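Residue 2 is where the sequence shown starts when you use my numbering, and the numbers rise one by one after that.
I have placed the structure first, in the form of structure tokens, so that the comments after it can refer back to it.
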Amino acid sequence: MEIIISETKAELGRQAAEAAAAALRGAISARGEANLIVATGASQFEMLAELVQAPKVDWGVVTAFHLDEYVGMPATHPASFRRYLRERFVDRLPQPLAAFYAIDAETDPPLACAELGAVLVQHPIDVALIGIGENGHLAFNDPPADFVTELPYLVVALDEACRRQQLNEGWFSTLAEVPKEAVSMSIRQILKSRELVVTVPDRRKAAAVKNTVQGPITPDVPASILQNHPHCRLFLDRESASLLGL
Numbered sequence: 002m003e004i005i006i007s008e009t010k011a012e013l014g015r016q017a018a019e020a021a022a023a024a025l026r027g028a029i030s031a032r033g034e035a036n037l038i039v040a041t042g043a044s045q046f047e048m049l050a051e052l053v054q055a056p057k058v059d060w061g062v063v064t065a066f067h068l069d070e071y072v073g074m075p076a077t078h079p080a081s082f083r084r085y086l087r088e089r090f091v092d093r094l095p096q097p098l099a100a101f102y103a104i105d106a107e108t109d110p111p112l113a114c115a116e117l118g119a120v121l122v123q124h125p126i127d128v129a130l131i132g133i134g135e136n137g138h139l140a141f142n143d144p145p146a147d148f149v150t151e152l153p154y155l156v157v158a159l160d161e162a163c164r165r166q167q168l169n170e171g172w173f174s175t176l177a178e179v180p181k182e183a184v185s186m187s188i189r190q191i192l193k194s195r196e197l198v199v200t201v202p203d204r205r206k207a208a209a210v211k212n213t214v215q216g217p218i219t220p221d222v223p224a225s226i227l228q229n230h231p232h233c234r235l236f237l238d239r240e241s242a243s244l245l246g247l
């Protein structure tokens, strides 16, 4: 795992976006196309704002996949992650993507998992843009995460720490409004990505970062599995890196 520490959140966003764009350009140069996983949440704001402006990326040959979405969430809801990705990523690109596969878990989550999973396995992922939750989750794989399943997507229960993070980030008005289930890309599917660009700003993530980087690999800290990935870059700011002693 390579760790890159930036002085500011803006610099973190620029560096992570540059790494993602370089990985996409490399894949396009090698194969004429690229496949991308895109995360959401407050941690991705600066990175996505920079990525949509990255030079010399032929977005017309990029296929993008959505990482996770709440069960029962309409696309019109302010907290909808597919709405987030359209507003902050898809609609801001200089040209249309080859395809964007969003998760619609509003009415039939198991069917959504099966249908989207069948598409995903036909598109080996070149780069995954992900974050780490305050409880150490990857996507919506809360602790203890399933490190075994080969399913590309699955329905997961959200623990209270995860739900409170969503509340505190301003996506919901009350804890009761935060869904208790989500559709999430699985841990093993995320790890199949050729490159991982992990963007984690803010002091509230510092303990999760320390446990991810310096703790044992355990389902109780889902992101600790990133230690096993051969091409993982972790982009931090001084706040999120504050407990690492670096």
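Cβ atoms here follow ideal geometry from the backbone N, Cα and C, with glycine treated the same way.
Note that this is a predicted model, so its numbers are computed, not measured.
Do residue j and residue i come within 8 angstroms of each other at the CB atom, strictly closer than that value?
{"i": "residue 244", "j": "residue 3", "result": "no"}
{"i": "residue 159", "j": "residue 182", "result": "yes"}
{"i": "residue 207", "j": "residue 240", "result": "yes"}
{"i": "residue 24", "j": "residue 128", "result": "yes"}
{"i": "residue 13", "j": "residue 231", "result": "no"}
{"i": "residue 36", "j": "residue 64", "result": "yes"}
{"i": "residue 72", "j": "residue 149", "result": "no"}
{"i": "residue 144", "j": "residue 220", "result": "yes"}
{"i": "residue 70", "j": "residue 18", "result": "no"}
{"i": "residue 172", "j": "residue 103", "result": "no"}
{"i": "residue 139", "j": "residue 223", "result": "yes"}
{"i": "residue 114", "j": "residue 152", "result": "yes"}
{"i": "residue 82", "j": "residue 38", "result": "no"}
{"i": "residue 226", "j": "residue 131", "result": "no"}
By how many angstroms is the C-alpha of residue j removed from the C-alpha of residue i?
{"i": "residue 188", "j": "residue 22", "result": "23 angstroms"}
{"i": "residue 199", "j": "residue 193", "result": "14 angstroms"}
{"i": "residue 179", "j": "residue 87", "result": "21 angstroms"}
{"i": "residue 137", "j": "residue 166", "result": "12 angstroms"}
{"i": "residue 59", "j": "residue 26", "result": "8 angstroms"}
{"i": "residue 184", "j": "residue 51", "result": "27 angstroms"}
{"i": "residue 48", "j": "residue 40", "result": "10 angstroms"}
{"i": "residue 117", "j": "residue 42", "result": "21 angstroms"}
{"i": "residue 46", "j": "residue 95", "result": "18 angstroms"}
{"i": "residue 109", "j": "residue 122", "result": "20 angstroms"}
{"i": "residue 34", "j": "residue 28", "result": "6 angstroms"}
{"i": "residue 161", "j": "residue 57", "result": "42 angstroms"}
{"i": "residue 89", "j": "residue 238", "result": "21 angstroms"}
{"i": "residue 164", "j": "residue 174", "result": "12 angstroms"}
{"i": "residue 211", "j": "residue 7", "result": "16 angstroms"}
Mark residue i as exposed unless 16 or more other C-beta atoms lie within 10 angstroms of its C-beta, in which case mark it buried.
{"i": "residue 61", "result": "exposed"}
{"i": "residue 31", "result": "exposed"}
{"i": "residue 213", "result": "buried"}
{"i": "residue 93", "result": "exposed"}
{"i": "residue 120", "result": "exposed"}
{"i": "residue 100", "result": "exposed"}
{"i": "residue 97", "result": "exposed"}
{"i": "residue 142", "result": "buried"}
{"i": "residue 10", "result": "buried"}
{"i": "residue 16", "result": "buried"}
*Ignoring anything shorter than 3 residues or poking outside the region 53-97, list the beta strand (DSSP E) runs there in chain order.*
63-67 and 69-71
_Residue ranges of each alpha helix (DSSP H) within the region 128-183, 4 or longer_ = 161-169
*Every unbroken beta strand (DSSP E) within the region 190-222, with a cutoff of 3 residues, ordered by chain*: 196-201
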